[in-house]
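So the first sequence is numbered by the numbering used here: it starts at 3 and just counts up by one. All residues carry an ideal CB built from backbone N, CA and C; glycine is no exception. What follows is one structure encoded as structure tokens, with my remarks underneath.
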Amino acid sequence: MLQIINIRENKEDVLKRLSIKNFKDAETIINDILELDNIRKITQKKGDDIKAESNSCSKQIGDLMKSGKKLEADALKIKTADLKITEKLIDDQLNQIELKLNNLLVTVPNTPNLNVPAGKVPEDNEVILEHGEKPTLYSNAKPHWELTSKYDIIDFELGVKLTGSGFPVYKGKGARLQRALINFFLDRATSNGYNEVQPPILVNEESGYGTGQLPDKEGQMYHASIDNLYLIPTAEVPITNIYRDVILKETDLPIKNCGYTPCFRREAGSYGKDVRGLNRLHQFDKVEIVQITHPNQSYKILEDMLDYVASLLKELGLPFRILKLCGGDMSFSSALTYDLEVWSAAQSKWLEVSSVSNFETFQTNRLKCRYKDANGKSQLAHSLNGSALALPRIVAALLENNQSQEGIKIPDVLIPYCGFNIID
RNA sequence: GGAGAAAUGGCAGAGCGGUCUAAUGCGGCAGUCUUGAAAACUGUUGUGGGUUAUACCACCGGGGGUUCGAAUCCCUCUUUCUCCGCCA
């Protein structure tokens, strides 16, 4: 959520940035927000004044009662009763205004960084780096969903029987490969200074709201309605919410956390080729990195995180490219996002395996995650996160790119984790 | 799941209807003293709204109520602790 003070003081800049994101009716909504904010201030002042008056009356009544002047006290009580009625009226007004204001504020996306390319569709994203050789496959090479059944390592039909489509069962070397990747990613993250956490994978409404999944995007999450809890779509939700309502010391920054969790996404409305095999699942595994930083460090740290994620792909030997997302393709909460995509040789397409974003104060404003600056003032911190990495598409690319007549070769870095060097 | 107790500032802990603008202690910060540090002493020390700045307003787990007035009384929810039951 944007800070109202920022909208108030830098309206033109906010509008300019929102136009990069193709946010419709920006000017109308921003004007409505400013007007409501104004009304809010006036209304609150009115209410505060009346409260001040009735507070002082109450004090007087107390004094009068003590000195036995009951009649005078009663007279004052009648006056206070009138004040109470007005007070209640204004409080109700104020609540409605604040509700309206908040409802408007949550519809406004984050203001992008000025380096974000304009554009509306994924084709407008800027390729900033392409790394590695795309492998040439032998003539009867297969897409990963055929390899998984050929080697009996991932069973999609069995998942349908147990749960439904999009919930595969990993078996044998397939299961071991999952575990290997998780451990590999966590080991790399912790040796890069990230603190490992293992959060709950069910979260409450407040947490969903804190990172921006709620309100609005509840359709993307599975909901355990009896207890009103949500299955997390990403570890970002619990790990970032650790810092909800927290005031940090400036010297604590940056905070670096990582965590492995399963992730659950309803993906309502997805269909067709994109959901084939491992391309899009309802449940998948991911290691996430999250940082809470000082505002003037966050863009430097975003680059560090990007380099870190790229280093993982290099170690795995997967050809990849890095995209700087255009305004139209960025997420609602992000100020700047890089996507990393690996080349999936048999499908002949790029698969997104990581998204690294700086949210600036968009999340921390909702979370009320602040630090004390040198003057002892509370300031909103910046939050960032990135996938490092999401497993299924990594597995898809590994299977497809590394296949040969003999079987699927395991990258060297994973062999100690897998305990085997080929799937055959 | 059942019964009981509790929730107060960074922490501990008093307050149980009107100077609560929340005692006191510890911790933090600044100063005095010291070559420096410790100790001692002095001062300071929550969040948000609002103001040029003061005033002023809200917040004692969350929500609601009683009252002229609520940290304090009532209802409700949540969480924690103790006991019982169940259980990996």
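Per-residue DSSP class, three states only, for residue i
| i | result |
| --- | --- |
| H133 | strand |
| F266 | strand |
| H284 | coil |
| E11 | helix |
| K464 | A query on residue 464 cannot be resolved here, the shown segment of the chain reaching from 3 to 426 and no further. |
| K258 | strand |
| N142 | coil |
| V118 | coil |
| S359 | strand |
| G388 | strand |
| C371 | strand |
| V199 | coil |
| K26 | coil |
| A226 | strand |
| T213 | coil |
| V110 | coil |
| V438 | Nothing can be reported for residue 438, as the shown portion of the chain is limited to 3 through 426. |
| Y153 | coil |
| Y340 | strand |
| R323 | strand |
| Y245 | coil |
| L179 | helix |
| L4 | coil |
CA-to-CA distance, residue j to residue i, given in whole angstroms
| i | j | result |
| --- | --- | --- |
| I203 | L231 | 10 Å |
| E125 | P119 | 11 Å |
| P321 | I396 | 11 Å |
| Y262 | D34 | 42 Å |
| R246 | A383 | 11 Å |
| D39 | T363 | 20 Å |
| K18 | L139 | 47 Å |
| K351 | R10 | 45 Å |
| G353 | E29 | Position check: residue 353 holds Leu in this sequence, whereas Gly was assumed. Computed Cα separation, rounded: 36 Å. |
| D426 | I130 | 37 Å |
| E408 | S193 | 35 Å |
| V355 | S406 | 23 Å |
| L233 | P264 | 9 Å |
| D189 | I410 | 24 Å |
| D309 | I44 | 49 Å |
| L103 | E37 | 9 Å |
| K90 | I249 | 33 Å |
| I412 | L149 | 14 Å |
| L401 | Y419 | 17 Å |
| A77 | K61 | 14 Å |
| K152 | L280 | 15 Å |
| Y340 | L318 | 19 Å |
| R178 | P394 | 13 Å |
| I99 | G49 | 13 Å |
| S357 | W147 | 24 Å |
| E132 | D27 | 37 Å |
| I244 | P114 | 25 Å |
| I7 | H296 | 19 Å |
| N367 | Q5 | 7 Å |
Buried/exposed call for residue i, threshold 16 Cβ in 10 Å
| i | result |
| --- | --- |
| G210 | buried |
| M3 | buried |
| M223 | buried |
| I63 | buried |
| L164 | exposed |
| V110 | buried |
| N298 | exposed |
| G421 | exposed |
| S313 | exposed |
| V123 | exposed |
| T253 | exposed |
| E343 | buried |
| A337 | buried |
| N403 | buried |
| R181 | exposed |
Presumed contact (8 Å Cβ cut-off) between residue i and residue j, rounded CB distance
| i | j | result |
| --- | --- | --- |
| I41 | K13 | 17 Å between Cβ atoms; not a contact. |
| L85 | A75 | So it is not a contact: roughly 15 Å between Cβ atoms. |
| A143 | V289 | Wrong, their Cβ atoms sit about 29 Å apart, outside the cutoff. |
| V311 | A390 | 5 Å |
| G168 | Q349 | About 18 Å separates the two Cβ atoms, so there is no contact after all. |
| R268 | G221 | 7 Å |
| K326 | N112 | Actually they do not touch by this definition, with Cβ atoms about 16 Å apart. |
| N259 | N197 | 5 Å |
| M1 | G214 | Residue numbering for the chain in the displayed model covers 3 to 426; residue 1 lies beyond these limits and cannot be assessed. |
ask   = Taking one C-beta from the segment 318-334 and one from the segment 19-28 each time, how about it: are there three or more such pairs within less than 8 Å?
value = yes
inquiry  = Three Cβ pairs or more, each shorter than 8 Å: is that satisfied between the segment 158-174 and the segment 367-380?
reply    = no
ask   = Is the segment 168-186 touching the segment 231-243, taking contact as three or more C-beta pairs under 8 Å?
value = no
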